[in-house]
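K.L.:
Below you will find the structure I want to go over with you.
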Amino acid sequence: MAVDLIIYAVIAAGLVLWLRSVLGTRHGDERERANPFTPPADETAVKEVLAEIIQDRVSGFSDEAHAALAKIRSMQSGFDLAKFASNARDAFTMIVTAFSTGDRDTLKMLLTPSMYQSFDQALREREKTGETLETEIHNVKKVEVVDAALDGHTASLTLKISASETIVHRDSAGRVIEGDENHVIDMVDLWTFSRDMKSKDPTWYLSATADGEREIHGQTVPYTA
Numbered sequence: 513m514a515v516d517l518i519i520y521a522v523i524a525a526g527l528v529l530w531l532r533s534v535l536g537t538r539h540g541d542e543r544e545r546a547n548p549f550t551p552p553a554d555e556t557a558v559k560e561v562l563a564e565i566i567q568d569r570v571s572g573f574s575d576e577a578h579a580a581l582a583k584i585r586s587m588q589s590g591f592d593l594a595k596f597a598s599n600a601r602d603a604f605t606m607i608v609t610a611f612s613t614g615d616r617d618t619l620k621m622l623l624t625p626s627m628y629q630s631f632d633q634a635l636r637e638r639e640k641t642g643e644t645l646e647t648e649i650h651n652v653k654k655v656e657v658v659d660a661a662l663d664g665h666t667a668s669l670t671l672k673i674s675a676s677e678t679i680v681h682r683d684s685a686g687r688v689i690e691g692d693e694n695h696v697i698d699m700v701d702l703w704t705f706s707r708d709m710k711s712k713d714p715t716w717y718l719s720a721t722a723d724g725e726r727e728i729h730g731q732t733v734p735y736t737a
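So, in structure tokens, the structure goes:
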């Protein structure tokens, strides 16, 4: 039993460190973030941010989304969209795996409270019936930022995530309900990550999920839209 506790502690510590590397950390010497309702004092800085957006325009973004992204970048010093997408790729793998295995601790670290409730409810229903979900992500092919929004001081970025996965949903007797362990399918999902820009917490949390395009009707996580 003592050995099991030690192993669990080591795994938990590793997850915390991974989470920090995936979705950001904050140190004591960092500057406080600007109040999003207060116009920046340095107009030159704002123009530089807007120029950067124009030079690196995101394909398919609406004018509103570009404006929101410009504000997000001005409010979070050093924000890099490509780095964000890369970190979201890692978070995607962690969340899908955690939901498949029923790892609630990892889900709590990566989801907003309302999203966690949806995931927890799905896990409870699965546990009640004795069903299991086996998900293996073979390759995350593409992560594309498709929308940005700023509602008050809550920023949201939506990504289109394309991945090759093997999914097997079994009943309590181990019979396959859906999926095939020998069949790799292409999944496309829309995930939204959000962050309170006034908070000192730099973490972006998964706040919404939706179905994109898929080969079968199964899903690896609960959808909220």
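Residue numbers (this note's numbering): 513 to 737. We treat Cβ as the ideally placed atom computed from N, Cα and C, and that holds for glycine.
Whole angstroms are fine: how far does the CA of E646 sit from the CA of D663?
P.N.:
36 Å
K.L.:
Kindly indicate which three-state DSSP category A752 falls into: helix, strand or coil?
P.N.:
Outside the shown range of the chain (513 to 737) lies residue 752, about which nothing can therefore be said.
K.L.:
Which word fits E775, buried or exposed, when buried means at least 16 other C-beta atoms lie within 10 angstroms of its C-beta?
P.N.:
Nothing about residue 775 can be reported from this structure: the residues present for the chain run from 513 to 737 only.
K.L.:
Select from G686, R601, S586 and E576 the residue whose C-alpha is nearest the C-alpha of T704.
P.N.:
R601
K.L.:
Measure the C-alpha to C-alpha separation of V558 and S586 and round it to an integer number of angstroms.
P.N.:
Unreliable positioning characterises V558 in this predicted model, as indicated by a pLDDT of 44, which lies under 50. The coordinate reading is nonetheless provided below. Taking the straight line from one Cα to the other gives about 7 Å.
K.L.:
Between which two residues does the beta strand (DSSP E) harbouring L623 extend?
P.N.:
No beta strand (DSSP E) holds L623; DSSP gives it neither H nor E.
K.L.:
Name the DSSP beta bridge partners of D659, please?
P.N.:
By DSSP's assignment, D659 forms a beta bridge with T670.
K.L.:
Quick check on DSSP: helix, strand or coil for D692?
P.N.:
Coil at D692, not helix or strand.
K.L.:
Could you work out which residue in D708, L619 and E656 is closest to F596 when comparing CA atoms only?
P.N.:
Comparing Cα-Cα distances from F596 to each of D708, L619 and E656, the minimum goes to E656.
K.L.:
Nearest-angstrom Cα distance between N694 and S684?
P.N.:
20 Å
K.L.:
Between G691, L671 and D632, which lies nearest to A594 when the distance is taken from Cα to Cα?
P.N.:
L671
K.L.:
To the nearest whole angstrom, what separates the beta carbons of L718 and L635, a pair I think is in contact under 8 Å?
P.N.:
Between L635 and L718 the Cβ distance is about 15 Å, and since that is not below 8 Å, they are no contact.
K.L.:
How long is the line joining the alpha carbons of H578 and V658, rounded to whole angstroms?
P.N.:
10 Å
K.L.:
With DSSP as the reference, identify every bridge partner of W703, one or two as the case may be.
P.N.:
L671 and T721
K.L.:
Would you kindly work out how many angstroms separate the C-alpha atoms of D708 and L669, rounded to a whole number?
P.N.:
Cα to Cα, the separation comes out at about 12 Å.
K.L.:
Just to check my reading of the structure: D701 and D723 have Cβ atoms closer than 8 Å, yes? What is that Cβ distance to the nearest angstrom?
P.N.:
7 Å
K.L.:
Note down, in chain order, each residue of its chain lying with its Cβ closer than 7 Å to the Cβ of E637, except the 5 sequence neighbours on either side.
P.N.:
none
K.L.:
Checking 8 Å against the spacing of the C-beta atoms, do R682 and T624 come in under that value?
P.N.:
Between R682 and T624, the CB-CB gap reaches or exceeds 8 Å.
K.L.:
Let's test the definition: count the other Cβ atoms within 10 Å of the Cβ of T641 and tell me whether it reaches 16, buried, or not, exposed.
P.N.:
exposed
K.L.:
Please report how far the alpha carbon of S574 lies from the alpha carbon of T666, in whole angstroms.
P.N.:
19 Å
K.L.:
Note down the Cα distance separating L581 from G572, rounded to an integer number of angstroms.
P.N.:
Using only the alpha carbons, I get a separation of about 13 Å.
K.L.:
From what residue to what residue does the alpha helix (DSSP H) around F604 run?
P.N.:
L593 to T613
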